[in-house]
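Trainee: Take 27 as the starting number for the sequence shown in my numbering and just add one per residue.
Quick one: structure below, then a few questions.
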Amino acid sequence: MALAKLRDSLRKTSRALAGRLKALVKGRRIDASLWDDIEEVLITSDVGVEASDALLGAARDAAKHGEILTGDDVIPWIRKRMTERLTPRESGLRQNPDGPTVVLVAGVNGSGKTTSIAKLARWLTARDRTCMVAACDTFRAAAVDQLTIWSERLGIPIVRQAQGADPAAVAFDAAESAAARNVDVLIVDTAGRLHTQKNLMEELAKINRVLGRKIPGAPHETLLVLDGTAGQNGLMQTRRFREHAAVTGLIVSKLDGTAKGGVVLSIKDELDVPVKFIGTGETYDDFAPFDAKEFVDALFDAA
Ligand SMILES: Nc1nc2c(ncn2[C@@H]2O[C@H](COP(=O)(O)OP(=O)(O)OP(=O)(O)O)[C@@H](O)[C@H]2O)c(=O)[nH]1
Ligand SMILES: [Mg+2]
């Protein structure tokens, strides 16, 4: 994603976080009150307690070792540290070398799953990977239609059944069809659910099993969509969700127009799951692989 665009999308978060930090440290001496002030900014901008504690602990050490001498050294140090911390061990999509790669997309209601699927499909087809989508959200009347409209717009095949059909049956059809046509990536849309909805979590497990039976190793990725506007609350939900499903990566959606994007900075400390993609708008081009340096640069340079 162009840096200027990312910077625009992150402007509110940037003001809440980087802007306040910058104003705070300017010309300050390093003392306990400075660390307290920084902590307050971090916590109130959705960076979360654990990530804030970890960052401040490391900053205090850096000050002791002479890496941070004055308030003016704080921002460059934080930028560097956040970038290192956020750089994931793995990025991009995992790939199945022996057939279609299956990507299951899950998350709470309205988090941005279906939109993110369209964006991901668009991103992949722009890179010459063939895609197919499966409408396994058979629960909500409009859900299948929504995915159908996206698939028509993008010119990619969709596997669907009537509303109310068994989502695992749709997954079965889709896996079969993806294998027969030998598409590169099958992306599976699912209904929004909470970790507390036992039946729905079982249904997700069933979709998983069916996919794996048709295509070895599937799903190769289970991406959870985290709504950026929910900040720390969304993170809590994600943590719970993970206890019930094997999540391999996150898509953080809706980073545009929220001041709570600081949540991205806490994912490493709170979840240790790689952020693979970010969503920054409602059109299918508002999407990019997560790049730690780009993210931190945009965050600090937008303020
Ligand atoms: N501003 C903005 N809006 C987004 C983004 N991603 C999704 N949305 C909007 O969020 C709303 C919900 O998106 P969906 O993709 O339908 O979410 P979902 O998780 O599939 O919802 P359910 O299937 O009902 O659980 C829609 O109005 C989207 O246009 C984003 O990155 N930025
Ligand atoms: Mg949906």
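We treat Cβ as the ideally placed atom computed from N, Cα and C, and that holds for glycine.
In this text the structure is predicted, and so the values were computed from the model without any measurement.
Whose C-alpha, out of Val299, Ser292, Asp317, is nearest the C-alpha of Val75?
Mentor: Among Val299, Ser292, Asp317, the Cα nearest to that of Val75 belongs to Ser292.
Trainee: Classify Ala85 as helix, strand or coil using the three-state DSSP reduction.
Mentor: In this structure, Ala85 counts as helix in the three-state DSSP scheme.
Trainee: Just the Cα atoms here: how many angstroms apart are Asp323 and Glu202?
Mentor: Those two C-alpha atoms are separated by around 43 Å.
Trainee: For the stretch 155-189, list the alpha helix (DSSP H) runs that are entirely contained and at least 4 residues long, ordered along the chain.
Mentor: Here the runs fully enclosed are 167-180.
Trainee: Measuring alpha carbon to alpha carbon, tell me which residue in Ala271, Ile56, Gly288, Arg155 is nearest Val278.
Mentor: Comparing Cα-Cα distances from Val278 to each of Ala271, Ile56, Gly288, Arg155, the minimum goes to Gly288.
Trainee: I'd like to check one pair, Gln189 with Thr222: are the Cβ atoms closer than 7 Å?
Mentor: No, Cβ-Cβ distance for Thr222 and Gln189 is not below 7 Å.
Trainee: In whole angstroms, what separates the C-alpha of Ala58 from that of Ala85?
Mentor: Using only the alpha carbons, I get a separation of about 12 Å.
Trainee: Roughly how many angstroms lie between the CA atoms of Thr200 and Val251, to the nearest whole one?
Mentor: According to the sequence provided, residue 200 is Ala. The question's Thr does not apply to it. One C-alpha to the other measures close to 21 Å.
Trainee: Going by the beta-carbon positions, is the gap between Thr248 and Ala272 smaller than 7 Å?
Mentor: Yes.
Trainee: Could you say which of Ala152, Asp124, Ala44, Arg148 lies nearest to Ala206 if we only look at CA atoms?
Mentor: The shortest Cα separation from Ala206 among Ala152, Asp124, Ala44, Arg148 belongs to Asp124.
Trainee: Indicate whether Val131 and Leu212 have their beta-carbon atoms separated by less than 7 Å.
Mentor: It is not a contact, given that the beta carbons lie outside the stated cut-off.
Trainee: Leaving out the 5 sequence neighbours to the left and right, which residues in its chain are closer than 7 Å to Pro315 when beta-carbon positions are compared?
Mentor: If we look at Pro315 and ignore the five residues flanking it on each side, its Cβ neighbours are Ser117, Gly118, Lys302, Phe303.
Trainee: Mind checking whether Arg282 and Ser137 have CB atoms under 7 Å apart?
Mentor: For the sequence presented, residue 282 should be read as Asp rather than Arg. In this structure, Ser137 does not lie closer than 7 Å to Asp282 by Cβ.
Trainee: From what residue to what residue does the alpha helix (DSSP H) around Phe321 run?
Mentor: Its alpha helix (DSSP H) spans residues 318-327.
Trainee: Take the Cβ of Ala167 as the centre, count every other Cβ of all protein chains shown within 10 Å, and call the residue buried at 16 or more, exposed below.
Mentor: So Ala167 counts as exposed.
Trainee: Closer than 5 Å between the C-beta and any heavy atom of ligand 2: which residues qualify, listed along the chain?
Mentor: Result: Lys139, Thr140.
Trainee: Please state whether DSSP places Ala49 in a helix, a strand or coil.
Mentor: Helix, per DSSP.
Trainee: For Asn208, count neighbouring C-beta atoms within 10 Å of its own C-beta (all shown protein chains included) and say buried if the count is 16 or more, exposed if not.
Mentor: So Asn208 ends up on the exposed side.
Trainee: Looking at Lys294: is its Cβ nearer than 7 Å to the Cβ of Leu112?
Mentor: Against a cut-off of 7 Å, the Cβ pair of Leu112 and Lys294 comes out as a contact.
Trainee: Using the rule of at least 16 other Cβ atoms within 10 Å of the residue's Cβ for burial, across every protein chain shown, is Glu229 buried or exposed?
Mentor: Flag for Glu229 reads buried.
Trainee: Give me the residue from Leu36, Asp210, Asp327, Val214 with the minimum Cα distance to Ala195.
Mentor: For Ala195, the nearest C-alpha among the options comes from Val214.
Trainee: Just to confirm, is the Cβ distance from Ala204 to Pro126 under 7 Å?
Mentor: Yes, these two residues count as a Cβ contact at 7 Å.
Trainee: Verify the contact flag: Asn225, CB atom, against every heavy atom of ligand 1, threshold strictly below 6 Å.
Mentor: For ligand 1, not one heavy atom lies less than 6 Å from the Cβ of Asn225.
Trainee: In terms of residue numbering, what span does the beta strand (DSSP E) encompassing Ala314 cover?
Mentor: It spans 313-315 - the beta strand (DSSP E) in which Ala314 sits, taken as one unbroken run.
Trainee: In the DSSP assignment, what are the bridge partners of Gly305?
Mentor: According to DSSP, which records beta bridges pairwise, Gly305 is partnered with Phe313.
Trainee: Is Lys90 near ligand 1, going by C-beta to nearest heavy atom under 6 Å?
Mentor: Not so, every heavy atom of ligand 1 lies at least 6 Å from the Cβ.
Trainee: What whole-angstrom Cβ distance do Arg54 and Leu47 have, given they're in contact under 8 Å?
Mentor: That belief does not hold up - the Cβ atoms of Arg54 and Leu47 are roughly 11 Å apart, past 8 Å.
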